[in-house]
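Taking the numbering used here, the leading residue of the sequence shown gets 2, the next gets one more, and so forth.
Input: a single structure, listed below in structure tokens.
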Amino acid sequence: MNDQFLAGAANVDITPPLGTYINGDFVAHYAQYIHDPLHARATVFQHREMLVAIVVVDICVMPKDFVDRVKAEINRQTGILPANMLISSTHTHAAGSVASVYLGAADLQYMHKLPGLIVKSVLLAKQNLRPAKLAWGSVDVPEHVLCRRYSMHQPYRANNPVSGNADKIKTNPFDGEDLIGEGIAKTDPQVSFLAVKGIDDEWISVVANYSLHYVGDWDNGTISADYFGEFSRQLQAKLKAGDGFVGAMSNGTSGNINIWDFLGEKDYPTGKFEKSKFIGGDIAEKVYQQLQQAEWDSNPSLSVQYTEIELKLRKPTAAELQKAEAVVMESNYEGMKIDNETLARLYAREQVLLNDLPDTLDFPVQAIRIGNGVIGGLAAEMFAETGLWLKEHSSVKDYFTIGLANGNTGYIPPQHEFENGGYETWRSRTSKLETNAEAVVKNELLSLINKLSR
Numbered sequence: 002m003n004d005q006f007l008a009g010a011a012n013v014d015i016t017p018p019l020g021t022y023i024n025g026d027f028v029a030h031y032a033q034y035i036h037d038p039l040h041a042r043a044t045v046f047q048h049r050e051m052l053v054a055i056v057v058v059d060i061c062v063m064p065k066d067f068v069d070r071v072k073a074e075i076n077r078q079t080g081i082l083p084a085n086m087l088i089s090s091t092h093t094h095a096a097g098s099v100a101s102v103y104l105g106a107a108d109l110q111y112m113h114k115l116p117g118l119i120v121k122s123v124l125l126a127k128q129n130l131r132p133a134k135l136a137w138g139s140v141d142v143p144e145h146v147l148c149r150r151y152s153m154h155q156p157y158r159a160n161n162p163v164s165g166n167a168d169k170i171k172t173n174p175f176d177g178e179d180l181i182g183e184g185i186a187k188t189d190p191q192v193s194f195l196a197v198k199g200i201d202d203e204w205i206s207v208v209a210n211y212s213l214h215y216v217g218d219w220d221n222g223t224i225s226a227d228y229f230g231e232f233s234r235q236l237q238a239k240l241k242a243g244d245g246f247v248g249a250m251s252n253g254t255s256g257n258i259n260i261w262d263f264l265g266e267k268d269y270p271t272g273k274f275e276k277s278k279f280i281g282g283d284i285a286e287k288v289y290q291q292l293q294q295a296e297w298d299s300n301p302s303l304s305v306q307y308t309e310i311e312l313k314l315r316k317p318t319a320a321e322l323q324k325a326e327a328v329v330m331e332s333n334y335e336g337m338k339i340d341n342e343t344l345a346r347l348y349a350r351e352q353v354l355l356n357d358l359p360d361t362l363d364f365p366v367q368a369i370r371i372g373n374g375v376i377g378g379l380a381a382e383m384f385a386e387t388g389l390w391l392k393e394h395s396s397v398k399d400y401f402t403i404g405l406a407n408g409n410t411g412y413i414p415p416q417h418e419f420e421n422g423g424y425e426t427w428r429s430r431t432s433k434l435e436t437n438a439e440a441v442v443k444n445e446l447l448s449l450i451n452k453l454s455r
């Protein structure tokens, strides 16, 4: 049996055609302009008989049933076990849609096209397997992460469209900048990365992770990989890596984090795409500098822990459902513009659709050990607090969490955040799990991490 560690990587273009649906907003948008290509960025690892695949896809979200079908086909064509694949969304809000989000629909044509392209990325990466070595690293980049959940001064009222009451905080307080108090939570400043080279010192891939939601400095109707794509392009240039190099920036625990500077404290360029280009390049430069002192492991091993846990959904009561149905019956959702009144109508629709879902769902939790480090995978938009807790309690030094991995169940805030309210807590298809779900999920992941370190 060959005991040598192998790795291979591949980029596959997944750019949708003009006219395709774009989700990630309250309403649907349509692709009118392609600024930069989207990719599925795959790295495959092999040690002895074990194969592991990590794929980072330039898309807003992918549902679990969609990802499961992709994994089944990859398994059929490569033999890689579904439990040994981590397939995640970057969460760019300027990509093709394979999921219904609020009034944004899934694009059926793209839903049929994308799976084959993700499969192709893994197939090519597996074909590119060669003797390799790896290095773990991290660098703090605190300047590009802001808590987007703010305390607000009187007389600001943060309306909750589900309860009808006022929240204690406001997420993204557009038009309320003069009444902002402060961000209410810590951010995770760390860019973590796993770097992979051939034993010939030729670059294979860098899988990075940062808890920044996205940048979004483009007009609606644009296709763009956002700062995730900029990081990849600029890191490749800095490393002078060949065409086969894959630089992947994965989304961390960024459910409550963005870089929308409501307090006017930053000095970013203001042109379209300039901010994402600046941020992607700045992170790439800092990772590049850190790579100059990397310590390479030429004999790493692989191990994986994967489970699915059953979680309950929180649904409207009978009275709440009846009220929501009455609102839906008198609402016109065609061409809806979003304001406080129409938000209440939109979330009434969400209650009706949420009520029709099963009472429980299976939530994937994954931990992958590669050499001396571990990557966690959670199928949701987790808050920075969760990622920081996992890093603090992890039994391994080199650890990071990839969010939106192996599916998407929406936001999972820490339980105490439900007392504050805010967009991420509003009951809907994008925030639907019981309030104790975050504790259940993070403790399960920590258990898997600890199993890998024994």
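We put the beta carbon where it would ideally sit given N, CA and C, even for glycine.
For residue i, the nearest candidate out of the options (CA to CA)
| i | options | result |
| --- | --- | --- |
| Glu-309 | Lys-338, Arg-150, Thr-343 and Pro-83 | Pro-83 |
| Leu-446 | Gly-378, Gly-422, Glu-386 and Arg-428 | Gly-378 |
| Gln-110 | Lys-267, Asn-161 and Ile-15 | Ile-15 |
| Tyr-412 | Ile-371, Gly-256, Val-328 and Ser-304 | Gly-256 |
| Ala-249 | Ser-454, Gly-20, Ile-60 and Arg-49 | Ile-60 |
| Ser-274 | Ala-54, Gln-293, Ser-225 and Ser-304 | Sequence inspection shows Phe at residue 274; the Ser mentioned does not correspond to that position. Comparing Cα positions, the closest option is Ser-225. |
| Phe-401 | Ser-448, Asp-262 and Val-192 | Val-192 |
| Val-375 | Met-330, Glu-326, Leu-449 and Asp-357 | Leu-449 |
| Ile-339 | Leu-104, Val-140 and Tyr-211 | Leu-104 |
| His-94 | Glu-335, Asp-220, Val-140 and Asn-12 | Asp-220 |
| Ile-35 | Asp-179, Val-45 and Thr-21 | Thr-21 |
| Ala-133 | Glu-439, Val-142, Thr-44 and Gln-155 | Thr-44 |
| Ala-320 | Val-58, Ser-98, Ser-164 and His-113 | Ser-164 |
| Lys-127 | Thr-223, Ala-345, Phe-175 and Gln-78 | Gln-78 |
| Phe-384 | Arg-158, Val-53 and Ala-186 | Ala-186 |
| Tyr-228 | Ile-200, Pro-38, Leu-52 and Glu-393 | Pro-38 |
Separation of residue j from residue i, as counted between CA atoms
| i | j | result |
| --- | --- | --- |
| Ser-277 | Arg-315 | 36 Å |
| Ile-280 | Gln-33 | 25 Å |
| Ala-96 | Met-337 | 21 Å |
| Ala-10 | Asp-202 | 15 Å |
| Thr-431 | Asn-300 | 42 Å |
| His-40 | Ala-107 | 19 Å |
| Asn-444 | Asn-160 | 33 Å |
| Glu-435 | Thr-426 | 10 Å |
| Lys-398 | Asp-363 | 29 Å |
| Asn-373 | Trp-297 | 11 Å |
| Phe-6 | Pro-18 | 39 Å |
| Ala-438 | Glu-420 | 15 Å |
| Asn-24 | Asp-4 | 45 Å |
| Gly-171 | Val-28 | The identity of residue 171 in the sequence shown is Lys, whereas the question assumes Gly. Each residue's alpha carbon lies about 21 Å from the other. |
| Met-2 | Gln-47 | Interpretation of Met-2 is limited by its pLDDT of 48, a score under 50 that renders its predicted location unreliable; the figure taken from the coordinates is listed afterwards. Taking the straight line from one Cα to the other gives about 12 Å. |
| His-30 | Gly-222 | 6 Å |
Cut-off 7 Å between Cβ atoms - residues of its own chain near residue i, not counting five sequence neighbours on either side
| i | result |
| --- | --- |
| Ala-295 | Ala-136, Gly-138 and Ala-196 |
| Gly-184 | Leu-147, Cys-148, Arg-150 and Tyr-151 |
| Asn-407 | Lys-65, Val-68, Leu-87, Ile-88, Pro-365, Gln-367, Gly-378 and Ala-380 |
Beta bridge counterpart(s) of residue i as assigned by DSSP
| i | result |
| --- | --- |
| Gln-5 | BP columns for Gln-5 are empty, so no partner. |
| Met-153 | Ile-181 |
| Asn-421 | Its beta-bridge partners do not exist; DSSP assigns none. |
| Tyr-31 | Tyr-22 |
| Met-86 | Ala-54 |
| Asp-399 | Gly-374 |
| Leu-195 | Trp-137 and Val-208 |
| Thr-308 | Val-366 |
| Asp-14 | His-40 |
| Thr-172 | Arg-150 |
| Thr-223 | Tyr-34 |
| Ile-60 | Bridge partners of Ile-60: none, in fact. |
| His-48 | Phe-6 and Met-51 |
| Gly-404 | Looking at the DSSP assignment, Gly-404 forms no beta bridge with any residue, so it has no partner. |
| Asn-160 | Ala-167 |
| Leu-115 | Its beta-bridge partners do not exist; DSSP assigns none. |
Residue i in three-state terms, based on DSSP
| i | result |
| --- | --- |
| Pro-301 | coil |
| Gly-378 | strand |
| Lys-338 | coil |
| Val-288 | helix |
| Val-142 | coil |
| Ser-457 | The shown model of the chain, from 2 to 455, leaves out residue 457, and the question about it has no answer. |
| Ser-277 | helix |
| Arg-356 | The residue you asked about is not Arg; residue 356 is Asn in the sequence shown. It is helical. |
| Gly-243 | coil |
| Asn-444 | helix |
| Val-215 | Correcting the residue type first, residue 215 is Tyr in the shown sequence and not Val. Of the three classes helix, strand and coil, the one that applies to Tyr-215 here is coil, per DSSP. |
| Tyr-412 | strand |
| Ser-255 | coil |
Same chain only: Cβ atoms within 8 Å of residue i, ignoring 5 sequence neighbours per side
| i | result |
| --- | --- |
| Asn-409 | Val-62, Met-63, Pro-64, Lys-65, Ser-90, Ala-100, Ala-380, Ala-381 and Glu-382 |
| Lys-239 | Ala-285, Glu-286 and Tyr-289 |
| Leu-355 | Leu-314, Lys-316, Pro-317, Arg-428, Ser-429, Arg-430 and Lys-433 |
Cβ shell of residue i (< 6 Å), same chain only, five flanking positions each side left out
| i | result |
| --- | --- |
| Phe-246 | Trp-204 and Gln-237 |
| Phe-232 | Met-250, Gly-281, Ile-284 and Ala-285 |
| Ser-395 | Ile-450 |
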